[in-house]
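*Asks:* I have a structure here, written as structure tokens, and I will follow up with some questions on it.
Protein chains: 4
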Amino acid sequence: MKSSRLEAFSDGVLAIIITIMVLELHGPEGPHLQNLWDKAGLSLFTYLLSFVYVGIYWSNHHHLFQVVPHVDGLVLWANLHLLFWLSLYPFTTSWMDEERLARTPTIIFGVNLIGAAIAYWLLVGTIRRLPTSGHFDEVFGADWKGRLSIVFYAVGIGLCFIKPWLGVLPYVAVALMWLIPDRRVERWLQQRDEMPVV
Amino acid sequence: MKSSRLEAFSDGVLAIIITIMVLELHGPEGPHLQNLWDKAGLSLFTYLLSFVYVGIYWSNHHHLFQVVPHVDGLVLWANLHLLFWLSLYPFTTSWMDEERLARTPTIIFGVNLIGAAIAYWLLVGTIRRLPTSGHFDEVFGADWKGRLSIVFYAVGIGLCFIKPWLGVLPYVAVALMWLIPDRRVERWLQQRDEMPVV
Amino acid sequence: MKSSRLEAFSDGVLAIIITIMVLELHGPEGPHLQNLWDKAGLSLFTYLLSFVYVGIYWSNHHHLFQVVPHVDGLVLWANLHLLFWLSLYPFTTSWMDEERLARTPTIIFGVNLIGAAIAYWLLVGTIRRLPTSGHFDEVFGADWKGRLSIVFYAVGIGLCFIKPWLGVLPYVAVALMWLIPDRRVERWLQQRDEMPVV
Amino acid sequence: MKSSRLEAFSDGVLAIIITIMVLELHGPEGPHLQNLWDKAGLSLFTYLLSFVYVGIYWSNHHHLFQVVPHVDGLVLWANLHLLFWLSLYPFTTSWMDEERLARTPTIIFGVNLIGAAIAYWLLVGTIRRLPTSGHFDEVFGADWKGRLSIVFYAVGIGLCFIKPWLGVLPYVAVALMWLIPDRRVERWLQQRDEMPVV
Numbered sequence: 001m002k003s004s005r006l007e008a009f010s011d012g013v014l015a016i017i018i019t020i021m022v023l024e025l026h027g028p029e030g031p032h033l034q035n036l037w038d039k040a041g042l043s044l045f046t047y048l049l050s051f052v053y054v055g056i057y058w059s060n061h062h063h064l065f066q067v068v069p070h071v072d073g074l075v076l077w078a079n080l081h082l083l084f085w086l087s088l089y090p091f092t093t094s095w096m097d098e099e100r101l102a103r104t105p106t107i108i109f110g111v112n113l114i115g116a117a118i119a120y121w122l123l124v125g126t127i128r129r130l131p132t133s134g135h136f137d138e139v140f141g142a143d144w145k146g147r148l149s150i151v152f153y154a155v156g157i158g159l160c161f162i163k164p165w166l167g168v169l170p171y172v173a174v175a176l177m178w179l180i181p182d183r184r185v186e187r188w189l190q191q192r193d194e195m196p197v198v
Numbered sequence: 199m200k201s202s203r204l205e206a207f208s209d210g211v212l213a214i215i216i217t218i219m220v221l222e223l224h225g226p227e228g229p230h231l232q233n234l235w236d237k238a239g240l241s242l243f244t245y246l247l248s249f250v251y252v253g254i255y256w257s258n259h260h261h262l263f264q265v266v267p268h269v270d271g272l273v274l275w276a277n278l279h280l281l282f283w284l285s286l287y288p289f290t291t292s293w294m295d296e297e298r299l300a301r302t303p304t305i306i307f308g309v310n311l312i313g314a315a316i317a318y319w320l321l322v323g324t325i326r327r328l329p330t331s332g333h334f335d336e337v338f339g340a341d342w343k344g345r346l347s348i349v350f351y352a353v354g355i356g357l358c359f360i361k362p363w364l365g366v367l368p369y370v371a372v373a374l375m376w377l378i379p380d381r382r383v384e385r386w387l388q389q390r391d392e393m394p395v396v
Numbered sequence: 397m398k399s400s401r402l403e404a405f406s407d408g409v410l411a412i413i414i415t416i417m418v419l420e421l422h423g424p425e426g427p428h429l430q431n432l433w434d435k436a437g438l439s440l441f442t443y444l445l446s447f448v449y450v451g452i453y454w455s456n457h458h459h460l461f462q463v464v465p466h467v468d469g470l471v472l473w474a475n476l477h478l479l480f481w482l483s484l485y486p487f488t489t490s491w492m493d494e495e496r497l498a499r500t501p502t503i504i505f506g507v508n509l510i511g512a513a514i515a516y517w518l519l520v521g522t523i524r525r526l527p528t529s530g531h532f533d534e535v536f537g538a539d540w541k542g543r544l545s546i547v548f549y550a551v552g553i554g555l556c557f558i559k560p561w562l563g564v565l566p567y568v569a570v571a572l573m574w575l576i577p578d579r580r581v582e583r584w585l586q587q588r589d590e591m592p593v594v
Numbered sequence: 595m596k597s598s599r600l601e602a603f604s605d606g607v608l609a610i611i612i613t614i615m616v617l618e619l620h621g622p623e624g625p626h627l628q629n630l631w632d633k634a635g636l637s638l639f640t641y642l643l644s645f646v647y648v649g650i651y652w653s654n655h656h657h658l659f660q661v662v663p664h665v666d667g668l669v670l671w672a673n674l675h676l677l678f679w680l681s682l683y684p685f686t687t688s689w690m691d692e693e694r695l696a697r698t699p700t701i702i703f704g705v706n707l708i709g710a711a712i713a714y715w716l717l718v719g720t721i722r723r724l725p726t727s728g729h730f731d732e733v734f735g736a737d738w739k740g741r742l743s744i745v746f747y748a749v750g751i752g753l754c755f756i757k758p759w760l761g762v763l764p765y766v767a768v769a770l771m772w773l774i775p776d777r778r779v780e781r782w783l784q785q786r787d788e789m790p791v792v
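The listed protein sequences derive, respectively, from chains A, B, C and D. Sequence positions in the first sequence follow my numbering and run 1 to 198. Sequence positions in the second sequence follow my numbering and run 199 to 396. Sequence positions in the third sequence follow my numbering and run 397 to 594. Sequence positions in the fourth sequence follow my numbering and run 595 to 792.
Structure, rendered in structure tokens:
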């Protein structure tokens, strides 16, 4: 099976996930700025956060499949497994938002984030074992960012038991880690181990 | 008409079906884990089940059209007929879930599953009669899995009359049949009759 | 601008329109077959009807752009104009369905159908004037079906003033006209004036 | 990274944004034309307006990426930034509509419009700095329309403080500016500075 079809289908699913989250943003109940802030202030923040996560996965996902031209059935299902976890983002984001960062929903959101991160790690594993993935290791290196993300998510879940909003900080840190630093160390990383820039 | 366009459109519809089902997952009504379990425990299970079904159809659908480069009007409508049955999955899944596996909704879900399976079988028939489907029979063989699925769905519907949750077992069995065994007998099947792996 | 991109975008929009209509199908309020029939019987019929319409437009739309390799800005906006009318189908279908085929909603549904038919006719006009549309006339001929559809929709709207369900008959007739006869006269039409089969 | 993939993903997101807005159009509460007018008259107008905006962005976005064959990580994120602002259109459109053009929602809608316009302007900037964007300046010229749009949006927001419906006029003017004049001056502009026609 050509990886291009798998990419096209995944792109479709990711485009829908990233967009339908806005359907969970219910309009403010009143014509005043205060209504927007009360109802949608937190919603907009969590929407932005999940939007960035899905954007990161889309970007990484695309880099992943540029190295391998063909995939087998196991990669296909590992990919659907990842899409399943990502498809739950609108659901867990919405719960965390409606309960205004209460403890359990914020933990469950972290579990969803970890689930997707592990699914991604499994997907990388299934690709690595393909005979056609020759340049894979040298291109992607040790993927320390992927592993560090899982650690950060776990720390976030732990901090939720103290104060839920404390747990959100590591979640945000992961998003920033994928977004910002790659920007700065772009050239350096590309020269060192040819890791593709997110 | 090139089959690639039909595939692209079908991919779009399947990507949307697989994703909008998450919109039917209403957030729990409260900040506790118990609320999640009460409200969304069953939802998550039925969502996962339907997600796997659509994933299986996407995978099979793709294999189907790799053999034939061109299609005619009859194939096009047989394909839309299949998409129609699949597009009802969110609707029947949601009803079965909201009535917590009551008898009638669980039967209707099974009817939807059978409808899609028959529509798929008809689609295969319309492709088989195309002049360009030369290698079709040798590639797909007797499609015993497709026929067995219809039997399992029918058994599931029958068992619903005893206990609805009993009927769900064969439904799950079909999903597992397409998911797991192909994993193990992959090499054997490919050598024997070159059946593409799901 | 290459017509292939316009097709891809239109395919995306049509795939979404055809699928989100199922979100308007609210689950029955109760676990009995009667609940399904009361609540969703009519919904399923109107959903099927609109599903077929969008399927027809997708099929025709695709044939249309196979003849012309490039399009200009006017074609692009004529195409968006058509997509706008089609995107209202879920809205007007839902109203007609919720008011159980009351007079005004059924008329408005017919107006929507006519609006899309006229938008399609305008789109054909903008394509016809392109310098690259050399074979257009001989391929599509006089498009009597497109014009007949508008007449049927108008008759349907007229009949709604007597009995709304009477008006639905011509609406259904148009769907059947595009679906069934082409099946039968496929070979004859192709030989006579090379009109592509829906 | 090939720009064609970025285009395909953006097309998917834009197709979804343009279509899900119709889900915010709740059906009228009653079977009479008056119900449609009361409930959906304004909705249909704001839906049409946002539909045109997204259509304009899709058209411009496509022209933008025809000039550059490859993009880097910064362009990718500038593009996601634009998609984020556009994905809020259904949300702000719906609020403005439900509060029937009250002052604050209409201003917030304008802020959303300006946000998207600035995001587009930033995206153009990130493309302009690419080494592969050789013909960019001569193709797109000074982009006076992009800058004029931002001014019009700002004027609209200002007029909202007097009367909200006054503010809507410049919003509509921007849509018309992109839609109509290019139609008329098409040939003249193409000869002068080869600016692609919207």
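Note that CB positions come from ideal geometry on N, CA and C, so glycine has one too.
Given that residue 542 of chain C touches chain B, what residues does it touch there, using C-beta distances under 9 Å?
*Replies:* Mapped onto the third sequence, residue 542 of chain C falls at position 146. Here the premise fails: no neighbours, minimum Cβ distance about 17 Å.
*Asks:* Am I right that residue 169 of chain A and residue 52 of chain A are in contact with their C-beta atoms under 8 Å? What's the rounded C-beta distance?
*Replies:* In the first sequence, residue 169 of chain A corresponds to position 169, counting from 1. In the first sequence, residue 52 of chain A corresponds to position 52, counting from 1. About 15 Å; that fails the 8 Å criterion.
*Asks:* Applying the 10 Å Cβ sphere with the 16-neighbour rule, what's the burial state of residue 359 of chain B?
*Replies:* Residue numbering aside, residue 359 of chain B sits at position 161 when the second sequence is read from its first letter. It is exposed - the Cβ of residue 359 of chain B has fewer than 16 other Cβ atoms within 10 Å.
*Asks:* What are the boundary residues of the alpha helix (DSSP H) that includes residue 359 of chain B?
*Replies:* Mapped onto the second sequence, residue 359 of chain B falls at position 161. Element bounds for residue 359 of chain B: n/a, residue is neither H nor E.
*Asks:* Can you give me the C-alpha to C-alpha distance between residue 395 of chain B and residue 479 of chain C, rounded to a whole angstrom?
*Replies:* Numbered from its first residue, the second sequence carries residue 395 of chain B at position 197. Numbered from its first residue, the third sequence carries residue 479 of chain C at position 83. Model confidence at residue 395 of chain B stands at a pLDDT of 42, short of 50, so the residue's coordinates are unreliable and nothing is read from them.
*Asks:* Would you please verify whether the beta carbon of residue 458 of chain C is less than 9 Å from any beta carbon of chain B?
*Replies:* Counting from 1 along the third sequence, the entry for residue 458 of chain C is found at position 62. By this cut-off, residue 458 of chain C is an interface position.
*Asks:* Quick one: Cα of residue 476 of chain C to Cα of residue 649 of chain D, how far?
*Replies:* On the third sequence, position 80 is the one that residue 476 of chain C refers to. On the fourth sequence, position 55 is the one that residue 649 of chain D refers to. Going from the Cα of residue 476 of chain C to the Cα of residue 649 of chain D covers about 7 Å.
*Asks:* Report all residues from its chain with a CB closer than 7 Å to the CB of residue 416 of chain C; omit the five preceding and five following residues, and keep chain order.
*Replies:* As a first step, residue 416 of chain C is located in the third sequence; it is residue number 20 there, counting from the start. So the qualifying residues of the chain are 486.
*Asks:* Under a three-way DSSP split, which group does residue 268 of chain B fall into?
*Replies:* The sequence position of residue 268 of chain B within the second sequence is 70, counting from 1. Strand at residue 268 of chain B.
*Asks:* Classify residue 669 of chain D: buried if its beta carbon has 16 or more other beta carbons within 10 angstroms, exposed otherwise.
*Replies:* Counting from 1 along the fourth sequence, the entry for residue 669 of chain D is found at position 75. With 16 or more other Cβ atoms within 10 Å, it is buried.
*Asks:* Can you tell me which of C:494, C:512, C:521 puts its alpha carbon nearest to the alpha carbon of residue 435 of chain C?
*Replies:* Within the third sequence, the letter at position 39 stands for residue 435 of chain C. That would be C:494, whose Cα lies nearest to the Cα of residue 435 of chain C.
*Asks:* Do the region 27-36 of chain A and the region 67-74 of chain A touch if we need at least three Cβ pairs shorter than 8 Å?
*Replies:* Cβ pair count under 8 Å is below three, so no.
*Asks:* On the DSSP bridge list, what partners appear for residue 435 of chain C?
*Replies:* What you label residue 435 of chain C is simply residue 39 of the third sequence in a count that begins at 1. Its beta-bridge partners do not exist; DSSP assigns none.
*Asks:* Quick one, are the C-beta atoms of residue 418 of chain C and residue 609 of chain D less than 9 Å apart?
*Replies:* Taking the first residue of the third sequence as 1, we reach residue 418 of chain C at position 22. Taking the first residue of the fourth sequence as 1, we reach residue 609 of chain D at position 15. Contact: no.
*Asks:* Which residue from B:299, B:307, B:303 puts its Cα closest to that of residue 285 of chain B?
*Replies:* Indexing the second sequence from 1 puts residue 285 of chain B at position 87. For the residues B:299, B:307, B:303, the minimum Cα distance to residue 285 of chain B belongs to B:307.
*Asks:* Cβ of residue 381 of chain B less than 9 Å from any chain A Cβ?
*Replies:* Locating residue 381 of chain B in the second sequence gives position 183, counting from the first residue. Interpretation of residue 381 of chain B is limited by its pLDDT of 46, a score under 50 that renders its predicted location unreliable; the figure taken from the coordinates is listed afterwards. So yes, residue 381 of chain B belongs to the interface.
*Asks:* Counting only Cβ pairs nearer than 7 Å, list the residues of chain B close to residue 408 of chain C.
*Replies:* For the purposes of this step, residue 408 of chain C is taken as the residue at position 12 of the third sequence. Result: 210.
*Asks:* Below 6 Å CB to CB, which residues in the same chain sit around residue 709 of chain D once its five sequence neighbours on both sides are set aside?
*Replies:* The count along the fourth sequence starts at 1 and reaches residue 709 of chain D at position 115. Within the same chain, residue 709 of chain D has close Cβ partners 679.
*Asks:* Along chain B, which residues have their Cβ under 9 Å away from the Cβ of residue 447 of chain C?
*Replies:* In the third sequence, residue 447 of chain C corresponds to position 51, counting from 1. Near residue 447 of chain C (Cβ distances below 9 Å), the residues of chain B are 278, 281, 282, 285.
*Asks:* For residue 658 of chain D, count the other beta carbons within 10 Å of its own beta carbon; 16 or more makes it buried, fewer makes it exposed. Which is it?
*Replies:* Within the fourth sequence, residue 658 of chain D is the residue found at index 64, counting from 1. Buried, by the Cβ-count rule.
*Asks:* Here's the rule: buried if 16 or more other CB atoms are within 10 angstroms of the residue's CB, otherwise exposed. What is residue 425 of chain C?
*Replies:* Residue mapping note: residue 425 of chain C aligns to position 29 of the third sequence, counting from 1. Per the 10 Å Cβ criterion, exposed.
*Asks:* Kindly indicate if chain B contains any beta-carbon less than 9 Å away from that of residue 173 of chain A.
*Replies:* In the first sequence, counting from the first residue as 1, residue 173 of chain A sits at position 173. For residue 173 of chain A, the answer is no, since every Cβ of chain B falls outside 9 Å of its Cβ.
*Asks:* Measuring straight from C-alpha to C-alpha, what distance separates residue 304 of chain B and residue 625 of chain D?
*Replies:* Position 106 of the second sequence, counted from the first residue, corresponds to residue 304 of chain B. Position 31 of the fourth sequence, counted from the first residue, corresponds to residue 625 of chain D. About 34 Å.
*Asks:* Pick out whichever of A:151, A:113, A:111, A:104 has its Cα sitting closest to the Cα of residue 164 of chain A.
*Replies:* Taking the first residue of the first sequence as 1, we reach residue 164 of chain A at position 164. Checked all of A:151, A:113, A:111, A:104; the closest Cα to residue 164 of chain A is A:104.
*Asks:* Taking the C-alpha atoms as reference points, what is the distance between residue 46 of chain A and residue 721 of chain D?
*Replies:* Residue 46 of chain A sits at position 46 when you count from the first residue of the first sequence. Residue 721 of chain D sits at position 127 when you count from the first residue of the fourth sequence. Distance between the alpha carbons of residue 46 of chain A and residue 721 of chain D is about 29 Å.
*Asks:* Using a Cβ cut-off of 9 Å, which residues of the region 154-170 of chain A contact any Cβ in chain D, in chain order?
*Replies:* Answer set for the region 154-170 of chain A: empty.
*Asks:* Use the C-beta contact count for residue 437 of chain C: other C-beta atoms within 10 angstroms, 16 or more gives buried, fewer gives exposed.
*Replies:* Here residue 437 of chain C corresponds to residue number 41 of the third sequence, with the count starting at 1. Label assigned to residue 437 of chain C: exposed.
*Asks:* Which same chain residues, not among the five before or five after residue 256 of chain B, have their C-beta less than 6 Å away from its C-beta?
*Replies:* Start at 1 with the first residue of the second sequence, and residue 256 of chain B comes out as number 58. Cβ neighbours of residue 256 of chain B beyond the five flanking positions: 212.
*Asks:* For residue 49 of chain A, which of A:113, A:61, A:151 has the nearest alpha-carbon?
*Replies:* Here residue 49 of chain A refers to the residue found at position 49 of the first sequence. Considering only alpha carbons, the answer is A:113.
*Asks:* Under the rule that 16 or more other beta-carbon atoms within 10 Å means buried, what is residue 787 of chain D, buried or exposed?
*Replies:* Walking along the fourth sequence from the start, residue 787 of chain D turns up at place 193. At residue 787 of chain D, the pLDDT of 44 sits below 50, so the modelled position is not reliable; the number obtained from the coordinates is stated separately. It is exposed - the Cβ of residue 787 of chain D has fewer than 16 other Cβ atoms within 10 Å.
*Asks:* If you measure from the beta carbon of residue 623 of chain D to each beta carbon in chain A, is any gap under 9 Å?
*Replies:* Counted from its first residue, the fourth sequence places residue 623 of chain D at position 29. Closer than 9 Å: no.
*Asks:* Can you name the start and end residues of the alpha helix (DSSP H) that residue 605 of chain D belongs to?
*Replies:* Counting from one through the fourth sequence, the residue named residue 605 of chain D turns up at place 11. Here the alpha helix (DSSP H) through residue 605 of chain D covers 597-614.
*Asks:* Any Cβ of chain C within less than 9 Å of the Cβ of residue 707 of chain D?
*Replies:* Working through the fourth sequence from its first residue, we reach residue 707 of chain D at position 113. No, residue 707 of chain D lies away from the interface with chain C (no Cβ there is under 9 Å from its Cβ).
*Asks:* Starting from residue 55 of chain A, find everything on chain D with Cβ-Cβ shorter than 8 Å and list it in chain order.
*Replies:* The residue labelled residue 55 of chain A in the question sits at position 55 within the first sequence. Neighbours of residue 55 of chain A on chain D, chain order: 671, 674.
*Asks:* Decide if residue 634 of chain C is buried, meaning its Cβ has at least 16 other Cβ atoms within 10 Å, or exposed.
*Replies:* In the structure displayed, chain C extends from 397 to 594; residue 634 of chain C sits before or after that span and is not available.
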